[in-house]
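Q: Counted the way the numbering used here counts, the sequence shown spans residues 5 to 276.
Note that the Cβ used here is the ideal one computed from N, Cα and C, for glycine as well.
Fair warning: this is a prediction, and the values are worked out from it, not measured in the lab.
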Amino acid sequence: CDESLTGQRYVLRDEHPYCIKCYESVFANGCEECNKTIGIDSKDLSYKDKHWHEACFLCNKCRVSLVDKQFGSKLDKIFCGNCYDAQFASRCDGCGQIFKAGTKKMEYKTRQWHEPCFACCVCKTPIGTKSFIPREQEIYCATCYEEKFATRCVKCNKIITSGGVTYKNEPWHRECFACTNCSTTLAGVRFTSRDDKPYCAECFGELFSKRCTACSKPITGIGGTRFISFEDRHWHNDCFMCASCKTSLVGRGFITDAEDIICPECAKQKLM
Numbered sequence: 005c006d007e008s009l010t011g012q013r014y015v016l017r018d019e020h021p022y023c024i025k026c027y028e029s030v031f032a033n034g035c036e037e038c039n040k041t042i043g044i045d046s047k048d049l050s051y052k053d054k055h056w057h058e059a060c061f062l063c064n065k066c067r068v069s070l071v072d073k074q075f076g077s078k079l080d081k082i083f084c085g086n087c088y089d090a091q092f093a094s095r096c097d098g099c100g101q102i103f104k105a106g107t108k109k110m111e112y113k114t115r116q117w118h119e120p121c122f123a124c125c126v127c128k129t130p131i132g133t134k135s136f137i138p139r140e141q142e143i144y145c146a147t148c149y150e151e152k153f154a155t156r157c158v159k160c161n162k163i164i165t166s167g168g169v170t171y172k173n174e175p176w177h178r179e180c181f182a183c184t185n186c187s188t189t190l191a192g193v194r195f196t197s198r199d200d201k202p203y204c205a206e207c208f209g210e211l212f213s214k215r216c217t218a219c220s221k222p223i224t225g226i227g228g229t230r231f232i233s234f235e236d237r238h239w240h241n242d243c244f245m246c247a248s249c250k251t252s253l254v255g256r257g258f259i260t261d262a263e264d265i266i267c268p269e270c271a272k273q274k275l276m
């Protein structure tokens, strides 16, 4: 402004003197809070190319002074630590509390936890670096997940970890799926059932099947075995033969002779 600086305060910048008024007009920063110039007699506080008078450096929400205090910035505004945390800090999906500076954070998909809060929902043991299984917004350790949801054997009620057999829509260990009578494993072999209990073919025949009048062995019917019944007596097809000449009577007429059955030819010979 070419005004004489004799007897006045002035500011030297780049070896050029400026009167106070011109210096503040050209070089002083404007305050973000009050929009007034931060004069040379005021302390200029700056953050990210923004400036405040010391008295104007306040939390945008609670208006507490931020001088010499920790603060946070959001949406071009500054906040004290408490207000920033309350409004903007991410929160733990376990306890609902904020993540303080330096706190270790455990993340899975869009969720996050404090390390102690990232725990099995059943046993409450922190997961840490161990494997886990998510189910319906809950986190399970492997042990608790198996205990709660794993398939269990109908017979022993223990977890089926591999293989297994399904019978009538119920799961069994292969070694547990055994004959009710002799305990022989039935996995991969022929079997039948009675009263919803499985039996090997041999035990079923011995316990429940009709017996052949000729050989006294059981007629199981398993595997398409054919048999013949007559007057409450039963025969295997191969055993249904004439008591005299041993000719098969399957599909032929026959005659009873006391407890025996005989072919018509042998019956005629007996009458002669």
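1) Would you report the Cα separation of residue 204 and residue 216, rounded to the nearest angstrom?
2) From this set, 189, 192, 158 and 185, which residue's C-alpha is nearest residue 176's C-alpha?
3) Note down, in chain order, each residue of its chain lying with its Cβ closer than 6 angstroms to the Cβ of residue 96, except the 5 sequence neighbours on either side.
4) Could you give the C-beta distance for residue 145 and residue 136, rounded to a whole number, given that I count them as a contact under 8 angstroms?
5) Please state the DSSP three-state secondary structure of residue 258.
6) Tell me, which residues are paired with residue 277 by DSSP?
7) How about residue 214 and residue 195: do their beta carbons lie closer than 9 angstroms?
8) Which residue wins for smallest C-alpha separation from residue 79, given the options 88, 275, 150 and 49?
9) Over the uninterrupted alpha helix (DSSP H) stretch that includes residue 147, give me the two end residues.
10) For chain C, find out if any of its Cβ atoms is closer than 9 angstroms to the Cβ of residue 244; answer yes or no.
11) Around the C-beta of residue 61, are 16 or more other C-beta atoms found within 10 angstroms, so that it is buried, or is it exposed?
12) Once DSSP output is grouped into helix, strand and coil, what is the label at residue 142?
13) By alpha-carbon positions, which one of 131, 63 and 127 ends up nearest to residue 151?
14) Quick one, are the C-beta atoms of residue 40 and residue 20 less than 9 angstroms apart?
15) Which class does residue 89 belong to by DSSP, given the choice of helix, strand or coil?
16) Hey, quick one: how far does the alpha helix (DSSP H) through residue 29 stretch, first residue to last?
17) Can the beta-carbon of residue 42 be found less than 9 angstroms from the beta-carbon of residue 34?
18) Sort out for me which residues DSSP pairs residue 13 with in a bridge.
19) Output the distance between the C-alpha atoms of residue 201 and residue 209, rounded to the nearest integer angstrom.
20) Give the secondary structure of residue 199 by DSSP, where H, G and I count as helix, E and B as strand, and everything else as coil.
21) Are there any heavy atoms of the ligand NAP lying less than 8 angstroms away from the beta-carbon of residue 42, as far as the coordinates show?
A: The answer reads as follows:
1) Straight-line Cα distance between these residues: approximately 19 angstroms.
2) 158
3) 117, 118 and 121
4) 6 angstroms
5) Residue 258: coil per DSSP, three-state reduction.
6) With the chain covering 5 to 276 only, the question about residue 277 has no answer from this structure.
7) No, these two residues do not count as a Cβ contact at 9 angstroms.
8) Measuring from the Cα of residue 79, the nearest candidate turns out to be 88.
9) From DSSP, the alpha helix (DSSP H) with residue 147 extends over 146-153.
10) Considering every chain present, this structure includes no chain C. It has just one protein chain.
11) Burial call: buried.
12) In this structure, residue 142 counts as strand in the three-state DSSP scheme.
13) Each of 131, 63 and 127 was checked against the Cα of residue 151, and the nearest Cα belongs to 127.
14) no
15) Under the three-state reduction of DSSP, residue 89 is assigned to helix.
16) 24-31
17) yes
18) Answer is none; residue 13 lacks a bridge partner.
19) 14 angstroms
20) It is coil, neither helix nor strand.
21) Although the ligand NAP was asked about, the structure shown includes no ligands whatsoever.
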